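The next block holds one structure in the form of structure tokens; read it before the comments.
Numbering (my numbering), first residue to last: 82 to 225.
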């Protein structure tokens with residue numbers, strides 16, 4: 082599986098969650114916000130763990146635009162463990178499958194915002210340099 086996240090980062094995730102990952106064996110996960118920053122990070126990390134530990138996880142990923150998701154994250158869209166479900170989290174049109182886990186990573190941000198963000202450099206909130214020497218970075222509530 083090709084990856085936008087580094088192999089070292091993905092290994093770090095697996096190493097630090099190895100004790101809980103077996104609880105996801107054969108899980109059927111419904112993931113909202115799969116094309117966003119948090120959702121795509123989680124999906125990639127989960128798929129990596131799935132491959133490394135042969136967990137048998139299947140993920141149905143809610144995306145607003147299948148073509149845009151596939152173009153931006155082809156390695157995730159091509160995974161045999163992923164089924165894309167096109168929809169909007171604000172409109173109830175759930176898939177008809179049974180799920181063991183639901184993970185909500187979606188936001189009601191406009192699609193144009195996600196298209197403009199380079200997710201390899203994005204943050205779920207704006208960060209600015211702190212003036213305080215004891216804290217390197219602090220979220221800026223003003224910039225949200």
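Glycine residues also receive a C-beta, built at the ideal position from the N, C-alpha and C atoms. For clarity, every value in this text was computed on a predicted model and none was experimentally measured.
Under 9 Å between the Cβ atoms of residue i and residue j?
{"i": "residue 102", "j": "residue 125", "result": "no"}
{"i": "residue 128", "j": "residue 140", "result": "yes"}
{"i": "residue 170", "j": "residue 143", "result": "yes"}
{"i": "residue 99", "j": "residue 138", "result": "no"}
{"i": "residue 123", "j": "residue 147", "result": "no"}
{"i": "residue 178", "j": "residue 85", "result": "no"}
Would you list the one or two residues that DSSP bridges to residue i?
{"i": "residue 144", "result": "167"}
{"i": "residue 109", "result": "139"}
{"i": "residue 183", "result": "111"}
Using alpha carbons as the reference points, say which of the options lies closest to residue i.
{"i": "residue 152", "options": "116, 97, 100", "result": "116"}
{"i": "residue 185", "options": "174, 111, 95", "result": "111"}
{"i": "residue 104", "options": "85, 87, 95, 136", "result": "136"}
{"i": "residue 160", "options": "107, 132, 167", "result": "132"}
{"i": "residue 130", "options": "145, 93, 154", "result": "93"}
{"i": "residue 182", "options": "113, 87, 95", "result": "113"}
{"i": "residue 106", "options": "87, 88, 134, 97", "result": "134"}
{"i": "residue 172", "options": "121, 187, 158", "result": "187"}
{"i": "residue 174", "options": "87, 145, 88", "result": "145"}
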